[in-house]
Amino acid sequence: FLGRAVPIKDENGEVIQWIGTCTEINEFKQFQQQKDNFLGIASHELKTPLTSLKLYSQFLEKNLRKQDDDKNADVAMKMDEQINKLTSLVNDLLDVTKIQNGKILLNRSEFDFDELVHEVVEEQQMSTRHRIYVDAESIGTITGDRNRISQVMTNLISNAIKYSPDSDKIQITTKLTEEGCAHFAVKDYGIGIPEDKKDKVFEQYYRVSGSKEYTFPGLGLGLYISSEIIKRSGGRIFVNSVEGKGSEFCFEVPKTN
Ligand code: ADP
362 FLGRAVPIKD ENGEVIQWIG TCTEINEFKQ FQQQKDNFLG IASHELKTPL
412 TSLKLYSQFL EKNLRKQDDD KNADVAMKMD EQINKLTSLV NDLLDVTKIQ
462 NGKILLNRSE FDFDELVHEV VEEQQMSTRH RIYVDAESIG TITGDRNRIS
512 QVMTNLISNA IKYSPDSDKI QITTKLTEEG CAHFAVKDYG IGIPEDKKDK
562 VFEQYYRVSG SKEYTFPGLG LGLYISSEII KRSGGRIFVN SVEGKGSEFC
612 FEVPKTN
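Here the UniProt record's numbering is used: the first residue of the sequence shown is 362, the next is one more, and so on.
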């Protein structure tokens, strides 16, 4: 059984009664299962119209540019950017369903780690005012799932950008560890993470609340998915952070496994 209780207090704050519920674990598990199934079906169904919308917005932008109608072409471009954000949210929901069903399979092959870092940074740099600096020790070829590792790098860099609204510098460092692992780190000078929340950020749906100045959009899934990918790649992911000063998210994956 799963118990939950809430205290009822009198005007002096003294507890006078507890009201509780007791749910059978089986019932709870069944509910979780139904929720996961619903998420899986809903995100899958959302994906098809999103793919069409993306094609239409790109088609529209191209044609408007051809007609020198830059004002409307810019609107179509903004539409496309929002479709990208929606697609990435839906992809995260799909990934969570895959993780829960044990269906997130890694497609391993040999690839050039340095080239991937360069590619991801270049793409992120195109859509941000932050300056992304890279201090890269050559790693060379590694064996792993290129797309999934790229997803983790993208997630860490886009978080660094999102959670540093008052700074404009991001530092990426790569190096080869003594154990022969590829080490990738993203350092930002943003809001940071309170000491007692550092481990929790890798949990599903967990979001640190508390910034009075800013609200940050998100579902709290990116780091959970990233940590599952890195764990399944035989590596580890961790964070160093000081609240109010910034964070450094790192992952290490074996060069061959
Ligand atoms: P999301 O960003 O969608 O909320 P994530 O799983 O990527 O989800 O991150 C979980 C939480 O960890 C975020 O809500 C935020 O509170 C915290 N976090 C992640 N990256 C950073 C960062 N670079 N700086 C400060 N906090 C961060």
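Just so it is clear, CB atoms sit at the ideal spot from N, CA and C, and this is done for glycine as well.
- Between I500 and I533 the beta-carbon gap is near 12 angstroms, outside 8 angstroms, which marks them as no contact.
- Three or more Cβ pairs closer than 8 angstroms define a contact, and the segment 440-452 falls short of that threshold against the segment 475-483.
- Straight-line measurement puts the Cα of T535 at about 22 angstroms from the Cα of R490.
- Spatial neighbours of M438 in its own chain (CB-CB distance under 6 angstroms, excluding positions within 5 residues in sequence) are listed in chain order as E422.
- Within the DSSP bridge table, the entry for D549 names I531 as partners.
- Annotation for T412: the continuous alpha helix (DSSP H) segment containing it runs I386 to K427.
- In the DSSP assignment, D475 falls within the unbroken alpha helix (DSSP H) covering F474 to M487.
- Excluding residues up to 5 positions away in sequence, V600 and S602 lie with their Cβ nearer than 7 angstroms to the Cβ of K559 in the same chain.
- Checking the 7 angstroms criterion, the Cβ of L582 is within range of a heavy atom belonging to ligand 1.
- As the crow flies, the alpha-carbon of S588 is around 13 angstroms from that of Y567.
- Y494: not part of any alpha helix (DSSP H); member of the beta strand (DSSP E) spanning R492 to A497, first to last residue.
- Segment contact: the segment 448-461 against the segment 578-585, three or more CB-CB distances shorter than 8 angstroms; contact assigned.
- Of the candidates G551, V513, A543 and K464, the residue whose Cα lies closest to the Cα of D527 is G551.
- When DSSP states are grouped into helix, strand and coil, R597 belongs to the strand group.
- Nearest Cα to I510 within the set D430, I591 and V457: I591.
- The criterion of a C-beta distance shorter than 8 angstroms is satisfied by S594 and G505.
- Burial of Q512 is indicated by the presence of at least 16 other C-beta atoms within 10 angstroms of its C-beta.
- Between the C-alpha atoms of Q394 and E604 there is a straight-line separation of about 36 angstroms.
- Judged by DSSP in its simplified three-state form, V457 adopts helix.
- Contact annotation: D441 and S413 have beta-carbon atoms that are not nearer than 8 angstroms.
- Scanning its chain for C-beta atoms nearer than 7 angstroms, with the 5 sequence neighbours on each side dropped, one finds around G364 the residues G381 and C383, in chain order.
- A distance below 8 angstroms separates the beta carbons of A543 and E613.
- In the three-state scheme derived from DSSP, where H, G and I count as helix and E and B as strand, Q378 is classed as strand.
- Measuring C-alpha to C-alpha distances from Q461 to each of K548, G401, I598 and D475 identifies G401 as the nearest.
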